[in-house]
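Counting from 1, one number per residue, gives the positions in the sequence shown under our numbering.
Positions of the beta carbon are idealized from the N, C-alpha and C atoms, including for glycine.
Given the structure is predicted, the values throughout are model-derived calculations rather than measurements.
Have a look at the structure below before the remarks.
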Amino acid sequence: MAEGERKLKGRTLTGTVVSNKAQQTITVLIERRVPHPVYGKIVRRSSKIHAHDPGNACGIGDTVTVRESPPISKTKHWVLERIDERAKAELPRVDA
Numbered sequence: 001m002a003e004g005e006r007k008l009k010g011r012t013l014t015g016t017v018v019s020n021k022a023q024q025t026i027t028v029l030i031e032r033r034v035p036h037p038v039y040g041k042i043v044r045r046s047s048k049i050h051a052h053d054p055g056n057a058c059g060i061g062d063t064v065t066v067r068e069s070p071p072i073s074k075t076k077h078w079v080l081e082r083i084d085e086r087a088k089a090e091l092p093r094v095d096a
């Protein structure tokens with residue numbers, strides 16, 4: 001590693017932003033696919049986490065990667081690492 005550069009520790013997860021109403025905080029929906037314990041069918045499980053967004057850069061629908069961090073507040077234990085994909089802007093509806 002170069003001088004002044006350090007390796008970041010902690011898990012990283014990728015999910016979709018479902019809320020950005022709080023200041024410097026985003027709510028990220030994390031979905032994972034797991035087999036059902038009895039039947040074996042693949043089912044979707046999801047959880048919502050709060051992540052620190054220092055620049056208020058994220059919008060609803062963005063795909064982001066968050067990194068685990070020491071607690072920032074009562075519910076925030078994740079930090080925004082990068083925005084992977086911006087949400088597509090909805091086109092205005094045209095009635096013919």
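Residue i (DSSP reduced to helix, strand or coil)
i   : result
K48 : strand
V38 : coil
Start-to-end residues for the beta strand (DSSP E) that takes in residue i
i   : result
R33 : T25 to P35
S19 : T12 to S19
I83 : K76 to E85
Residue environment, residue i, which counts as buried when at least 16 other CB atoms sit within 10 Å
i   : result
T12 : exposed
V18 : exposed
T75 : exposed
V43 : exposed
A51 : buried
V38 : exposed
Any chain B beta carbon closer than 8 Å to residue i
i   : result
T63 : The structure shown has no chain B; it contains just one protein chain.
Rounded distance between the beta-carbons of residue j and residue i, thought under 8 Å
i   : j   : result
T16 : G61 : 7 Å
V66 : E81 : 6 Å
Close beta carbons around residue i, own chain, < 7 Å, minus the five adjacent residues each side
i   : result
I83 : A57, C58, D62 and V64
8 Å Cβ shell around residue i - same chain, five flanking residues per side excluded
i   : result
K88 : G61
N20 : I26, T27, D53, N56, C58, G59 and I60
S46 : L29, I30, E31 and R32
Close beta carbons around residue i, own chain, < 6 Å, minus the five adjacent residues each side
i   : result
S69 : V79
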